[in-house]
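Enquirer:
Protein chains: 2
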Amino acid sequence: MPRLLTDTDVAGFRERLIAAAEHLFAEHGPDGVTMRQLAAALGVSPMTPYRYFKDKDAILAAVRASGFARFASALEAETADSSDGVDRSRATGRAYVRFALENPDAYRLMFDLTQPNEADYPELVEASARARASMIRHAQGLVNAGEAEGDPRMIAHILWANLHGGLVLQLAGKLSPDIDPSALRREAFAAILRGLKPKG
Amino acid sequence: MPRLLTDTDVAGFRERLIAAAEHLFAEHGPDGVTMRQLAAALGVSPMTPYRYFKDKDAILAAVRASGFARFASALEAETADSSDGVDRSRATGRAYVRFALENPDAYRLMFDLTQPNEADYPELVEASARARASMIRHAQGLVNAGEAEGDPRMIAHILWANLHGGLVLQLAGKLSPDIDPSALRREAFAAILRGLKPKG
DNA sequence: GCTGAGCGTGTACACTGTAAACCTAAGCCG
DNA sequence: CGGCTTAGGTTTACAGTGTACACGCTCAGC
């Protein structure tokens, strides 16, 4: 038999293909990229990727999972920075926005795109759960610091929905042209925090 | 020459095709529907739709524009109901949510799907502008009623981003399972309104 | 009644994702 | 060392896609 593929061989190929796919998907959209192009980008024949991924959908899922993983890491990196709950929460929000604006295509791939059967790709749901956990942790920080009152998970979701909504509208070009997106985020965040502050 | 197509003929055909496409797109997604199926649904040959639409993309744009038009009408219908600014704003929000939840596929087609060159379809941008105007008008109502302080356009966008974000996360199944979407909307709306209320 | 144009259709093509047969070269056994 | 076996990669093939193009049918105007 031929040289068997070691696990690191497989992982290496998958990684290279995911990286290539990420760039191509970002530029032309998943439907604008063909398996033949992906294969050519790695210098292999069109059918070779099928040995490493079930089908094109699995490649898309892998690309999205990889995006979520980088995203989660970016959020988690902010945990260390400061011990003040509010600062940390704000830093997390900034990291969130920065990621979305620096990787708009990845962000859209991750959130906009509704892949029908995401549940079939465990690493995708896991990476996505990691990101969510980060957000909830930081909402918890807000509550602990006495800056907000209520269920931390609910608070996290309020802030998340708000951030996400503003971002996708911005990325889709749907915001009114006379609205500055970053001012929108700032004012929305401020209003929500004012609204959640304990009466004390 | 044969019986020339009157404008109403053309409009009629376009309407029927849009209606058929709306159902099929909702069920299978735009990519899951072929021109041949669309044509078959109207009982014509596969190439006939090309006399009424430039290409498949134009059909998608028309379906989306039609969605936006219905959406705008649904929002505008709430203008008449009550003279109280807050009630009216709340009713508009309810109408927004109702539309999104009763037509989830249309809503996703309208907002999620980022069609690359929407600017090429004027009726699409116009219908979408109508919907936005409705929202701003109702934010103005909130300000007039003394329930909120600030630029009505900004306030409209804050509420919109929040609503939209929550809805797309819900429709995409990304909300944590222990979060009730309608409770999320209620609490978010309440928090924002508290945060925007004038100091009195 | 003829003509010519506009409408719908049929045919054709380049391209897609991917199944299946095929080739190649390397590890094991004798 | 030689042959068998088999995993990894390629080639071929196919059904199905969007749509360009050219063909006929059918009627309005002369």
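Chains as they are written, first to last, in the working numbering: chain A, 1008 to 1207; chain B, 1008 to 1207. C-beta atoms are modelled at their ideal positions from N, C-alpha and C, and glycine is treated no differently.
#1: Residue ranges of each alpha helix (DSSP H) run of no fewer than 4 residues wholly in the region 1158-1188 of chain B, ordered along the chain?
#2: Along the chain, which unbroken stretches of the alpha helix (DSSP H) at least 4 residues long are found entirely within the region 1047-1111 of chain A?
#3: Check residue 1041/B in the structure and name its three-state DSSP category.
#4: What span of residues does the alpha helix (DSSP H) with residue 1129/B cover, start to end?
#5: Hey, how far is the Cα of residue 1072/A from the Cα of residue 1169/A?
#6: Just to confirm, is the Cβ distance from residue 1171/A to residue 1176/B under 8 Å?
#7: Thinking just about the alpha-carbon of each residue, which of 1094/B, 1012/B, 1050/B, 1064/B is nearest to the one in residue 1200/B?
#8: Out of 1036/A, 1069/A, 1047/A, point me to the one whose CA is closest to residue 1025/A's CA.
#9: DSSP on residue 1036/A, reduced to helix/strand/coil?
#10: Under 8 Å between the Cβ atoms of residue 1205/B and residue 1153/B?
#11: When the cut-off is 8 Å and only beta carbons count, does residue 1194/B lie next to chain A?
#12: Give the DSSP-derived three-state secondary structure of residue 1026/A in the structure shown.
#13: Alpha carbons only, please: which of 1192/B, 1188/B, 1180/B, 1179/B is nearest the one belonging to residue 1167/B?
#14: Name the chain A residues whose beta carbon is nearer than 7 Å to that of residue 1121/B?
#15: Determine which residues of the region 1048-1072 of chain B have a Cβ less than 9 Å from any Cβ of chain A, and write them out in chain order.
#16: Listing by chain order, which chain B residues have their CB less than 8 Å from the CB of residue 1151/A?
#17: Look at the Cβ atom of residue 1049/B, then the Cβ atom of residue 1141/B, and state whether they are nearer than 8 Å.
#18: 8 Å is my cut-off, CB to CB: does residue 1161/B come that close to chain A?
#19: Does the region 1096-1103 of chain A come into contact with the region 1040-1047 of chain A, if we say contact requires no fewer than three beta-carbon pairs (one atom in each stretch) closer than 8 Å?
#20: In the structure shown, what three-state DSSP assignment does residue 1008/B receive?
#21: Could one say the Cβ of residue 1137/A lies closer than 8 Å to chain B's Cβ atoms, at least one of them?
#22: For residue 1013/A, does the three-state DSSP call read helix, strand or coil?
#23: Is there a Cβ from chain A that is less than 8 Å from the Cβ of residue 1025/B?
#24: Examine chain B for any beta-carbon lying closer than 8 Å to the beta-carbon of residue 1183/A, and answer yes or no.
#25: Any contact of the region 1127-1134 of chain A with the region 1179-1186 of chain A, i.e. 3+ C-beta pairs under 8 Å?
#26: So what's residue 1120/A in DSSP terms, helix, strand or just coil?
#27: Are the C-beta of residue 1110/B and some C-beta of chain A separated by less than 8 Å?
#28: Would you kindly work out how many angstroms separate the C-alpha atoms of residue 1031/A and residue 1064/A, rounded to a whole number?
#29: Can you tell me the Cα-Cα spacing of residue 1020/A and residue 1150/B, whole angstroms?
#30: Quick check: the Cα distance between residue 1125/A and residue 1061/A, rounded to an integer number of angstroms?
#31: Can you check whether the C-beta of residue 1145/B is within less than 8 Å of a C-beta belonging to chain A?
#32: Please work out which residues of its chain come closer than 6 Å, Cβ to Cβ, to residue 1112/A, disregarding the five sequence neighbours upstream and downstream, and give them in chain order.
#33: Please look up how many angstroms separate the CB atoms of residue 1116/B and residue 1157/B, rounded, as I've assumed it's under 8 Å.
#34: Kindly list the residues whose CB is nearer than 6 Å to the CB of residue 1174/B, restricted to its own chain and excluding five residues on each side of it in sequence; keep chain order.
Expert: Reading off the structure:
#1: Within the region 1158-1188 of chain B, the complete alpha helix (DSSP H) runs of at least 4 residues are 1159-1178.
#2: Those alpha helix (DSSP H) runs which fall completely within the region 1047-1111 of chain A and span 4+ residues are 1063-1083, 1092-1109.
#3: Three-state result, residue 1041/B: coil.
#4: For residue 1129/B, the enclosing alpha helix (DSSP H) stretches over residues 1129-1151.
#5: Between residue 1072/A and residue 1169/A, the C-alpha separation is close to 23 Å.
#6: Yes.
#7: The shortest C-alpha separation from residue 1200/B is found at 1094/B.
#8: Distances from the alpha-carbon of residue 1025/A to those of 1036/A, 1069/A, 1047/A put 1069/A closest.
#9: In the structure shown, residue 1036/A sits in coil (DSSP, three-state: anything other than H, G, I, E or B).
#10: Result yes, Cβ atoms of residue 1205/B and residue 1153/B sit closer than 8 Å.
#11: Yes, contact with chain A.
#12: DSSP places residue 1026/A in helix when its eight states are reduced to three.
#13: Selected option, being the one with the closest Cα: 1192/B.
#14: For the C-beta of residue 1121/B, the chain A residues within less than 7 Å are, from N- to C-terminus, 1115, 1119, 1179.
#15: Against chain A - using a Cβ distance shorter than 9 Å - the region 1048-1072 of chain B contributes no residues.
#16: Per Cβ cutoff of 8 Å: no residues; residue 1151/A is ~18 Å from chain B at best.
#17: The Cβ atoms of residue 1049/B and residue 1141/B lie no closer than 8 Å to each other.
#18: Proximity of residue 1161/B to chain A, defined by a Cβ-Cβ separation below 8 Å, is satisfied.
#19: No, the region 1096-1103 of chain A does not touch the region 1040-1047 of chain A.
#20: The pLDDT assigned to residue 1008/B is 49, lower than 50, so where the model puts this residue is not dependable; a value taken from the coordinates is nonetheless given after this. Coil, per DSSP.
#21: The Cβ of residue 1137/A sits no closer than 8 Å to any Cβ of chain B.
#22: DSSP, reduced to helix, strand and coil, places residue 1013/A outside both helices and strands of the structure shown, so it counts as coil.
#23: Using a Cβ-Cβ cut-off of 8 Å, residue 1025/B does not count as an interface residue toward chain A, since no Cβ of chain A sits closer than that to its own.
#24: Chain B, which has a Cβ nearer than 8 Å to the Cβ of residue 1183/A, makes this yes.
#25: Verdict: no, contact absent.
#26: DSSP places residue 1120/A outside both helix and strand once states are collapsed to three, so it counts as coil.
#27: No, residue 1110/B lies away from the interface with chain A (no Cβ there is under 8 Å from its Cβ).
#28: Rounded to the nearest angstrom, the two C-alpha atoms are 15 Å apart.
#29: Near 58 Å, if we compare the C-alpha coordinates of residue 1150/B and residue 1020/A.
#30: Cα-Cα distance, rounded: 14 Å.
#31: It does not: the Cβ of residue 1145/B has no partner Cβ on chain A nearer than 8 Å.
#32: 1033, listed in sequence order.
#33: Residue 1116/B to residue 1157/B, Cβ: 32 Å. No contact.
#34: Counting only residues of its own chain and dropping the five nearest sequence neighbours on each side, residue 1174/B has a CB closer than 6 Å to the CB of 1107.
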